[in-house]
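Below is one structure, written out as structure tokens, with a few remarks after it.
2 protein chains.
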Amino acid sequence: MDNVIKQLAVLGSTGSVGQQTLDVIRRFPHHFRIIGLAAASHADLLARQIEEFQPRYVYLQNRAAHLSDGGYKFLSMEDIACHPEVDTVVIATSGKSGLLPTIAAVTSGKNIALANKESLVMAGEIITTEARLSGAQILPVDSEHSAIWQCLNGETLPPARLILTASGGPFLHYPSAQLSEVTARQALKHPSWHMGRKITIDSATLMNKGLEVIEAHWLFNVPFEDITAVVHPQSIIHSLVEFSDGSAKAQLGYPDMRLPIQYALSYPQRLSNPQLPRLNWDNINQLTFEPLDTARFPCFQLAVEAGKKGGTYPAVLCAADEVAVTLFLSQRLRFTDIAPLIEWVLEQHQAVAHPTLNEIMAADAWARDKATQFGTGNKL
Amino acid sequence: MDNVIKQLAVLGSTGSVGQQTLDVIRRFPHHFRIIGLAAASHADLLARQIEEFQPRYVYLQNRAAHLSDGGYKFLSMEDIACHPEVDTVVIATSGKSGLLPTIAAVTSGKNIALANKESLVMAGEIITTEARLSGAQILPVDSEHSAIWQCLNGETLPPARLILTASGGPFLHYPSAQLSEVTARQALKHPSWHMGRKITIDSATLMNKGLEVIEAHWLFNVPFEDITAVVHPQSIIHSLVEFSDGSAKAQLGYPDMRLPIQYALSYPQRLSNPQLPRLNWDNINQLTFEPLDTARFPCFQLAVEAGKKGGTYPAVLCAADEVAVTLFLSQRLRFTDIAPLIEWVLEQHQAVAHPTLNEIMAADAWARDKATQFGTGNKL
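Chains as they are written, first to last, in my numbering: chain A, 1 to 380; chain B, 1001 to 1380.
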């Protein structure tokens, strides 16, 4: 990399991706400087991060938590995201909370390293339009989208097809009859990735893969018809791109989020980081593939359909899913009722095409309400 | 692709890669025009190719064969390779015969689509130096090198490691004790690729993979220590590149030489060609990998060592191998005596460092002589 130090804001710094982002930044003090940190909770961890990285601007959602004064100033996430001193904003928040800061950042021309997929799913049209107008780059952090992005590097024509790989989650070959009884604890044990709670449950239902299809549609401007998914339990091939001549490229690596995080921050360069694992071909005996079982995991298709219909449907999908996951984690919803809840909410939705941000927020609020009704058994 | 028609010469047009090259060109008459064709033999086939593609310049090595007069002129391969009307020369000849035309082409600044690996193995230093001086591009056609080249596309830093995949050939798991009895017919049945006879035998001994290591060294300027090979019997991943951050990229496709040929011709663009197969992920259940067994297939290591030593050693390796393969195909040498023959010749060679073309040709002649001695049992 050249010698310009990138000035970063990390939103969601105490979450899984946020912590791994700081782990990468810690190794390259000559390349990156932290200007802003924002967290929803975990005040203690945030305090330690502030001490180590000395940001100028800080946000903590949980006002009740105590954060001692220091050489920094409290700002909102949106204000941090579009602050003149910031070049690149890492959006590592969970669920809907990344949406407004993402829009603030791209509108003001900041590059965003986007780990939060819900923002693009809810408001892909607005975000990509604003980015085009302002010149902001959207740098994917999700491992699948980072893979696709790496494979598209240097190609002069749009891809013919994107093939997202899916680990299949903890219940890939679990007996169908017992799926209704699985606990949050079981669902939180992901076979290959260590991630936040929301995305881990989304991986178990394969909703995550459906959201990724929508995210890929917006990031790479590829029609839904040309985006597919295949189950690859080893999670070593992170995704593939097929080109118009039939050639395909894949990006590979052991599951470690620090790699796509670092690539998004160092792009178009790569940084030598001995901490990141190298594939050992003496130990890789096989990579396996199987079709994604959409009957067992209906959330995938719900997401793809919502993406194809567009308008406010994807926002409703996200909101209903976020409520459903919360209900499941607190044992108020069975695993197999997550998809029916989301489907029920989607079916009742009166969608708006090409929605404004306000219309998206209204659809989101409406869907949360509906989903909560379903969850509390008051759906009739 | 833009609208400039590339003016091509195809050397070795009646061979396997030559015919597949014409198959690609046939589909894109608005992109490519044949200026020259050259063949060693197969006058009938060459005559049909002349009729179809109407080249201005023709070469046929076998003077005894009759070729009717037409609207073309006979020229030597070297004269065709550096003719002012030619932009790009496809070097699809077998063995040593590609060397002089390759040097003629790159010296005169022609881009070369290089399917003949022996040229780079024998004279990699001369060819790459001449190409740098003249601005000629060397466009790899070998599927493995095309894969690496595609993966390097758009990358700003040199790769950390190249991993060549090897099908393992027809004798991958053949009983060691019976290897000495295998026939040319068995060795010519390659499990995944249909190729010329010389390269098919080289694939059975894994000499081909060793030559590819040397070829990769020169094409991509990567030290031998950073080039490895892994056996991948399905021949779907054509090779991989690892970068300094630990990320790896692979290029994939069903084995079909038309894809790397077409990519070399259309680069940096890709052409939509419905004739080329698309990967069907419903049918790909697994991709397997195993270490390359250098004890069973000593030719691989002989080649890598010759490459590392450099100088005239690789030319001697090529010459001894070419003789050994000819002897094996005519049942005058056992399969398991191919490696000992080559090793014996290499051991006696007095190498020259940074050789001139004359010194390479002298080493080649010396090695052919020696190898023939071994083959006729007169080695003492």
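Quick reminder that beta carbons are idealized off the backbone N, C-alpha and C, glycines included.
Just so you know, these numbers come straight off a predicted model, no measurement behind them.
Buried versus exposed, by CB contacts within 10 Å (16 or more), residue i
i: Arg-26 of chain A; result: exposed
i: Leu-60 of chain A; result: buried
i: Lys-189 of chain A; result: exposed
i: Arg-132 of chain A; result: exposed
i: Ala-40 of chain A; result: buried
i: Arg-1332 of chain B; result: exposed
i: His-66 of chain A; result: exposed
i: Gly-135 of chain A; result: exposed
i: Asp-1321 of chain B; result: buried
i: Gln-275 of chain A; result: exposed
i: Arg-1048 of chain B; result: exposed
i: Glu-1052 of chain B; result: exposed
i: Pro-1029 of chain B; result: exposed
i: Thr-326 of chain A; result: buried
i: Ser-13 of chain A; result: buried
Beta-carbon proximity list for residue i, same chain, < 7 Å, skipping 5 on both sides
i: Phe-335 of chain A; result: Leu-179, Ser-180, Val-182, Ala-187 and Phe-328
i: Asp-1226 of chain B; result: Ala-1160, Arg-1161 and Leu-1162
i: Ile-1050 of chain B; result: Leu-1037, Val-1058, Gly-1070 and Tyr-1072
i: Ala-216 of chain A; result: His-145, Ile-148, Leu-162, Leu-164, Val-222 and Ile-227
i: Thr-372 of chain A; result: Val-323
i: Phe-171 of chain A; result: Leu-179, Val-182 and Ala-204
i: Pro-1055 of chain B; result: Ile-1034, Ile-1035, Gly-1036, Leu-1037 and Tyr-1072
i: Ala-1043 of chain B; result: Leu-1060, Asn-1062, Ala-1065, His-1066 and Leu-1067
Beta-carbon proximity check, residue i vs residue j, cutoff 8 Å
i: Pro-260 of chain A; j: Ser-146 of chain A; result: yes
i: Phe-1289 of chain B; j: Asn-285 of chain A; result: yes
i: Asp-397 of chain A; j: Glu-242 of chain A; result: Past the boundaries of the shown model lies residue 397 of chain A; chain A is included only from 1 to 380, so the question cannot be answered.
i: Lys-1370 of chain B; j: Gln-1350 of chain B; result: no
i: Val-1086 of chain B; j: Ile-1035 of chain B; result: yes
i: Gly-1311 of chain B; j: His-1354 of chain B; result: yes
i: Leu-114 of chain A; j: Ile-80 of chain A; result: no
i: Ala-1367 of chain B; j: Ala-1303 of chain B; result: no
i: Val-1231 of chain B; j: Ala-1166 of chain B; result: yes
i: Lys-1198 of chain B; j: Ser-1094 of chain B; result: yes
i: Leu-1152 of chain B; j: Trp-1218 of chain B; result: no
i: Gln-137 of chain A; j: Gln-251 of chain A; result: no
i: Asn-1273 of chain B; j: Asp-245 of chain A; result: yes
i: Ala-1123 of chain B; j: Leu-1099 of chain B; result: yes
i: Gly-1383 of chain B; j: Gly-154 of chain A; result: Nothing can be reported for residue 1383 of chain B: it is not among the residues displayed for chain B, which extend from 1001 to 1380.
i: Cys-82 of chain A; j: Ala-64 of chain A; result: no
i: Gly-1210 of chain B; j: Cys-1299 of chain B; result: yes
i: Phe-374 of chain A; j: Leu-341 of chain A; result: yes
i: Tyr-1263 of chain B; j: Ser-247 of chain A; result: yes
i: Ile-1236 of chain B; j: Tyr-1254 of chain B; result: yes
i: Leu-1011 of chain B; j: Pro-1101 of chain B; result: yes
Contacts around residue i, its chain only, beta-carbon distance under 6 Å, and the 5 residues preceding and following it disregarded
i: Thr-200 of chain A; result: Leu-188 and His-190
i: Gln-234 of chain A; result: Leu-287
i: Met-195 of chain A; result: Ser-16
i: Asn-62 of chain A; result: Ser-41
i: Phe-32 of chain A; result: Lys-6, Leu-8 and Ile-25
i: Leu-1380 of chain B; result: Caution applies to Leu-1380 of chain B, whose pLDDT of 43 falls short of 50 and renders its modelled position unreliable; the value that the coordinates give is listed next. Contacts found: none.
i: Ser-1239 of chain B; result: Glu-1144, Ala-1147, Ile-1148, Leu-1164 and Thr-1165
8 Å contact criterion, which residue i and residue j should meet: CB distance rounded
i: Pro-291 of chain A; j: Asp-1202 of chain B; result: Not quite, the Cβ-Cβ distance comes to about 38 Å (not below 8 Å), so this is no contact.
i: Ala-1315 of chain B; j: Asp-1364 of chain B; result: 5 Å
i: Leu-357 of chain A; j: Ile-126 of chain A; result: 6 Å
i: Gln-1020 of chain B; j: Arg-1258 of chain B; result: 5 Å
i: Leu-157 of chain A; j: Arg-1270 of chain B; result: 6 Å
Cβ-based neighbour list, residue i, same chain, cut-off 8 Å, excluding 5 preceding and 5 following
i: Ser-176 of chain A; result: Arg-296
i: Glu-991 of chain B; result: Any property of residue 991 of chain B remains undetermined from this structure, which presents chain B solely from 1001 to 1380.
i: Ser-1076 of chain B; result: Tyr-1059
i: Glu-1130 of chain B; result: Ile-1103, Val-1106, Thr-1107 and Ala-1136
i: Pro-1277 of chain B; result: Gly-1253, Tyr-1254 and Asp-1256
Query raised in the report: Using a Cβ cut-off of 9 Å, which residues of the region 1240-1255 of chain B contact any Cβ in chain A, in chain order?
Result: Of all residues in the region 1240-1255 of chain B, Leu-1240, Glu-1242, Phe-1243, Ser-1244, Asp-1245, Gly-1246, Ser-1247, Ala-1248, Lys-1249, Ala-1250, Gln-1251, Leu-1252, Gly-1253 and Tyr-1254 have a Cβ within less than 9 Å of some Cβ in chain A.
Report task. Taking only beta carbons into account, state which residues of the region 1151-1167 of chain B come closer than 7 Å to chain A, listed in chain order. Result -> Legend: CB atoms of the region 1151-1167 of chain B lying less than 7 Å from CB atoms of chain A belong to residues Cys-1151, Asn-1153, Gly-1154, Glu-1155, Thr-1156, Leu-1157 and Ile-1163.
**Report entry** Selection of the region 267-288 of chain A by Cβ proximity to chain B, strictly under 8 Å
**Finding:** Contact annotation: in the region 267-288 of chain A, residues whose CB is within less than 8 Å of a CB in chain B are Pro-268, Gln-269, Arg-270, Leu-271, Ser-272, Asn-273, Leu-276, Pro-277, Arg-278, Leu-279, Trp-281, Asp-282, Ile-284, Asn-285, Gln-286, Leu-287 and Thr-288.
Query raised in the report: Of all the residues that make up the region 1201-1234 of chain B, which are near chain A by a beta-carbon distance shorter than 7 Å?
Result: Those residues of the region 1201-1234 of chain B placed with their C-beta closer than 7 Å to a C-beta in chain A are Val-1230, ordered along the chain.
Requested in this report: Please name the residues in the region 27-43 of chain A whose beta-carbon is closer than 7 Å to at least one beta-carbon of chain B, in chain order.
Outcome: Here the close residues number zero.
Query - Members of the region 287-311 of chain A near chain B, C-beta cut-off 9 Å - result: For the region 287-311 of chain A, which is checked against every Cβ of chain B, the residues closer than 9 Å are Leu-287, Thr-288, Phe-289, Glu-290 and Pro-291.
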